[in-house]
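Structure record follows, encoded as structure tokens.
In the numbering used here, the protein residues as written are 3 to 171.
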């Protein structure tokens, strides 16, 4: 009986946490999300691949320049620098720039937007619309933050999941 009660309580809490998620248009989103400024901070990333049980963990330095894009300087486990400004990451970079520059109408065309807020923490989930470029390879992108984006989750059709946390240095 205790197990059943615990399961019911867990389900109820989980339901309450997602009950305020709502479809939203870009014009409504403009007033809900804070303006994102240039940012330099640390990041931690966990990538879970379909057939690998242990997540791949990395960390380093992150930089967002509103007019350009995103840069990741990985310092662990291998030193490298990745810029989302090149062709390989253009779609992701375009999404990040659209959010940081508050050009949400572009997102409206490509994605279904779900917004929720719990106290001062907001979450924006972007699911590709059927027929969009991202629909073939992307399940969703989720951005979470308060004054800044603190976490991103990217889930692809092949089952991989990348979670990134951003922390002040």
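For each residue, glycine too, the CB sits at the ideal point set by N, CA and C. Note that the coordinates shown come from a computational prediction; the quantities given were computed from them, not determined experimentally.
N-terminal and C-terminal residue of the alpha helix (DSSP H) that residue i is part of
| i | result |
| --- | --- |
| residue 112 | 106-112 |
For residue j and residue i, the rounded distance between their alpha carbons
| i | j | result |
| --- | --- | --- |
| residue 104 | residue 48 | 27 angstroms |
| residue 141 | residue 157 | 5 angstroms |
| residue 170 | residue 58 | 22 angstroms |
| residue 150 | residue 69 | 17 angstroms |
| residue 101 | residue 44 | 20 angstroms |
| residue 33 | residue 125 | 14 angstroms |
| residue 56 | residue 111 | 36 angstroms |
| residue 79 | residue 62 | 9 angstroms |
| residue 134 | residue 76 | 31 angstroms |
| residue 146 | residue 67 | 19 angstroms |
| residue 30 | residue 40 | 23 angstroms |
| residue 97 | residue 144 | 11 angstroms |
| residue 74 | residue 60 | 11 angstroms |
N-terminal and C-terminal residue of the beta strand (DSSP E) that residue i is part of
| i | result |
| --- | --- |
| residue 92 | Counting along the chain, residue 92 falls outside any beta strand (DSSP E), though it belongs to the alpha helix (DSSP H) covering 92-102. |
| residue 140 | 140-147 |
| residue 152 | 151-158 |
| residue 82 | 82-85 |
| residue 74 | 71-78 |
Counterpart residues of residue i in DSSP-defined beta bridges
| i | result |
| --- | --- |
| residue 47 | 60 and 166 |
| residue 116 | 25 and 127 |
| residue 65 | 42 and 73 |
Per-residue burial, residue i [other beta carbons within 10 Å of its own, 16 or more giving buried]
| i | result |
| --- | --- |
| residue 38 | buried |
| residue 72 | buried |
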